[in-house]
């Protein structure tokens, strides 16, 4: 890994200019200003508009050159033909970074490519580093920065998940759906055409960013495959790197070619290569979110033995199937442990309930969670991770706090799955923010466990190698 | 397939007795009465309780023998030791069917097995047919019958989906999560210990039930494998049969053994066998629901060619990958078709948007859906099914009706996926009830298509063989 590019003032700017700011919040240039105000950005905000003197209560300037102080970050939301001139101005002004939302550049053919060259040349002349163009922006909640307009309902509280998305749709989808599942972000970048700053630049920065504990990326083409894999190997030794790579099929590659002008490589090769370097591949958005939730848990399983504790026999069977399908072990509990569980559960559950693993509580009515907690504690001695399926309402902060405490006492990862996988997304988020692996279904929780087991092996191999 | 057992008066009873009825709606015997009242059951309802004279406004009777008319269906919710006597009474009364919710019978060991034998003997003596015991009940919304208490928010409107669940949890999960996805049910049976009526009996009945268009089952053990497969083959020629079989792993089999006393068979053999007879295997609940939603579409794809229409390039790539992974084809559109699309989209979408398939609308603002509809119509000529990813709000009845009309005009199945897979479950249900294949994510829609393609082949092979 080379030295990470200095992107601090991209994510923590003291001053931001919005080039193409508008009074109309429904227009991108208005949406940016509104979102930055809503996110309580603490630096100075300068709307740039050739005719307006004031936008949303802020003094507006005709050009970035008229701003009375240094500008760390320019957000560019103007038609493509005007972008080169705007970047010229940024270069002259000494702007540090420009996030170019404008579309119609390198992705549209010769004319656009020509514009893009001019932008890049202007940027280089003045040392302006470029995010995009044809991107959806960046988000750093901790700094009050969010230019990904459609994700305005993302939590403004900072977190430890970083994401780089080549597709704006993928980026928005992760922000919106991930936020609902309880993910909280350190930095998010919609990287667009990557004419200057590239996926590798962002990854290097995030690898050394203390606020970031797990990194995910959506990518289509990978221009320098070998370099990327070396980087992925180096990152994976420090923190988990999850890659959602698309454009692998023939038609997918065609779709990619028309919208980002990059070429998707042979797919199977990538899967093998990712595995070799310890990076984790997510096949789709749901998996990506499940994995990120899983890495939000402060514990890694030290082995592949899973204990399953349910309040329904069918759920136990389904969970056990899902675990074994993925190479996880669901060991029968020792006779002595089973006896201990039977004693604990005497008179609480029917005598026919299974206590061998899966342990089937059938139904428990103790609202203090006391029985479930004691069962989990007894089981936890024999396994590396616990999967609990429960009828308890998930959105309850106090139950989530109890479960968090349980996980801390056990010191092993605990996944929580609602008995009924419905209307529970908000509830799942509450649990995930308490560090629990909250997944909508049993099979998805098992898959998340298997990824944690794999990553633990990656770290161990590295230590032993 | 033998002659189907006559279960009409189980699902469409004129009179129902609730044995163990309670004034307390939180107790099972009270919940049943309340749910039947809420479902607007049109027959006569007789609460049976040894001491109460009136329950929820209905006259109560001390025994089923005191009911002044014939009883078609008895719902039994009393402690296990009292069940044999209750079934004795039912036999004497000439009750047609008894749904035994009580637990603690065959699943609990020798004592329970003994009780179960007595129940069965009493039932046989009087010709009473038994559902359960250790079951969650039955549901036939069209008849106002629902004894699956925790699923009280299931639509009381009838539908065409039938389900038989050996696990109460699986049955409730499908009812609750499936209802949210827009499924509407013809008949649902939680089959429990199956001491009399068995999975095969229910399936035979449902195969010849005109209200049922698709049948699904959750099963753990399959006692007479060969017979089951013959039945599955016969059913699959008439209507789709989807099987969610659990208990396939070692630990899963252990869980099954302790809660239903049946043994799960070798798993891989089942997968192959299901395929050979044309039955469809769902690996988990989400798949089961997706497949049932898919079969709610009035069209089957005649081949495996999928057209992908998105409002985001990244989504197109992801969808194409998912389709090709499953053996579906995403054919490039002919030059002429592409030209036609370009002409239509001139000035509406940027010139760089892909029109080769996937077709990328980037964003469209026409609220009438006119452009999307015309694109879809042009594309549909070249493919067997259309997958549309859209930013349109899913919960909108009028847009759903427009999409339904589009599907009818095309005469080919249309899947709809929200651009952001979140907060949309209710919206998905609206689309599904309009006959569209509404799925939360692109990969799940692709999987649903692949199942329809397979089933179409099953039907064709049968016609040609």
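Protein chains in written order, with the numbering used here: chain A, 1 to 465; chain H, 1001 to 1465. Backbone N, C-alpha and C fix where the C-beta goes; we use that ideal spot for every residue, glycine too. No experiment lies behind these values; they were computed from the predicted model shown.
What residues of chain A sit near residue 1285 (chain H), judged by a beta carbon separation below 9 Å? 318, 421, 441, 442 and 443
Below 8 Å between beta carbons: does that hold for residue 1131 (chain H) and residue 1087 (chain H)? no
Distance, residue 105 (chain A) Cα to residue 111 (chain A) Cα: 8 Å
Pick out the complete beta strand (DSSP E) segments inside the stretch 211 to 255 of chain A, 3 residues or longer, and give them in chain order. 214 to 219 and 241 to 245
Out of A:195, A:251, A:138 and A:403, point me to the one whose CA is closest to residue 124 (chain A)'s CA. A:195
Residue 1187 (chain H) bridges to which residues according to DSSP? H:1162
May I have the straight-line CA-CA distance separating residue 1061 (chain H) from residue 1046 (chain H), to the nearest angstrom? 7 Å
Do you know whose CA, among H:1321, H:1212 and H:1271, lies nearest residue 1296 (chain H)'s CA? H:1212
Helix, strand or coil for residue 39 (chain A), going by three-state DSSP, please let me know. coil
Could you give the uninterrupted runs of the alpha helix (DSSP H) lying entirely in the stretch 388 to 462 of chain A, keeping only those of 4 residues or more? 397 to 410 and 425 to 433
Residues in its own chain within less than 7 Å of residue 122 (chain A) by CB, not counting five upstream and five downstream? 84, 87, 88 and 91
Neighbour flag for residue 373 (chain A) against chain H, beta carbons, 8 Å: no
Taking 8 Å as the CB-CB limit, is residue 1343 (chain H) close to chain A? no
Proximal residues to residue 1379 (chain H) (C-beta, below 8 Å), its chain only, five neighbours per side dropped: 1307, 1309, 1333, 1337, 1341, 1357, 1359 and 1386
Inter-residue Cα distance where the pair is residue 1102 (chain H) and residue 1292 (chain H): 30 Å
7 Å Cβ cut-off: residues of chain A touching residue 1170 (chain H): 314
Where the beta strand (DSSP E) through residue 1048 (chain H) begins and ends: 1044 to 1048
Backbone secondary structure at residue 1264 (chain H) - three-state DSSP: Its pLDDT being 44, under 50, residue 1264 (chain H) is placed unreliably by the model, and the measurement read from it follows with that caveat. Three-state result, residue 1264 (chain H): coil.
Please state the DSSP three-state secondary structure of residue 1171 (chain H). helix
Compare the C-beta of residue 28 (chain A) with all C-beta atoms of chain H and state if any pair is closer than 8 Å. no
Let me see if you follow: with CB-CB separation under 8 Å, is residue 330 (chain A) close to chain H or not? yes
Anyone know if the C-beta pair for residue 165 (chain A) and residue 174 (chain A) falls short of 8 Å? yes
Considering only their Cβ atoms, is the gap separating residue 1029 (chain H) from residue 1077 (chain H) smaller than 8 Å? yes
Note the first and the last residue of the continuous alpha helix (DSSP H) segment covering residue 315 (chain A). 313 to 325
What three-state label does DSSP hand residue 69 (chain A) in the structure shown? coil
Pull up the DSSP beta-bridge partners for residue 1273 (chain H), would you. Paired residues: none, contrary to the question.
Suppose the cutoff is 6 Å on Cβ atoms and the five residues either side in sequence are ignored; what does the same chain contact list for residue 126 (chain A) look like? 91
What number of angstroms, rounded off, separates the C-alpha of residue 1038 (chain H) from the C-alpha of residue 1393 (chain H)? 31 Å
Any C-beta of chain A within less than 8 Å: which residues of the stretch 1093 to 1112 of chain H qualify? 1103, 1104, 1107, 1108, 1109 and 1112
Look up residue 1289 (chain H) in the DSSP assignment and say whether it is helix, strand or coil. helix
Distance between residue 323 (chain A) and residue 447 (chain A) (C-alpha atoms, nearest Å): 8 Å
Given residue 427 (chain A) as reference, the closest of A:398, A:409, A:31 and A:450 once Cα atoms are compared: A:398
For residue 360 (chain A), the three-state DSSP class (helix, strand or coil): strand
DSSP state of residue 15 (chain A) mapped onto helix, strand, coil: strand
Once DSSP output is grouped into helix, strand and coil, what is the label at residue 334 (chain A)? coil
Presumed contact (8 Å Cβ cut-off) between residue 177 (chain A) and residue 285 (chain A), rounded CB distance: 7 Å
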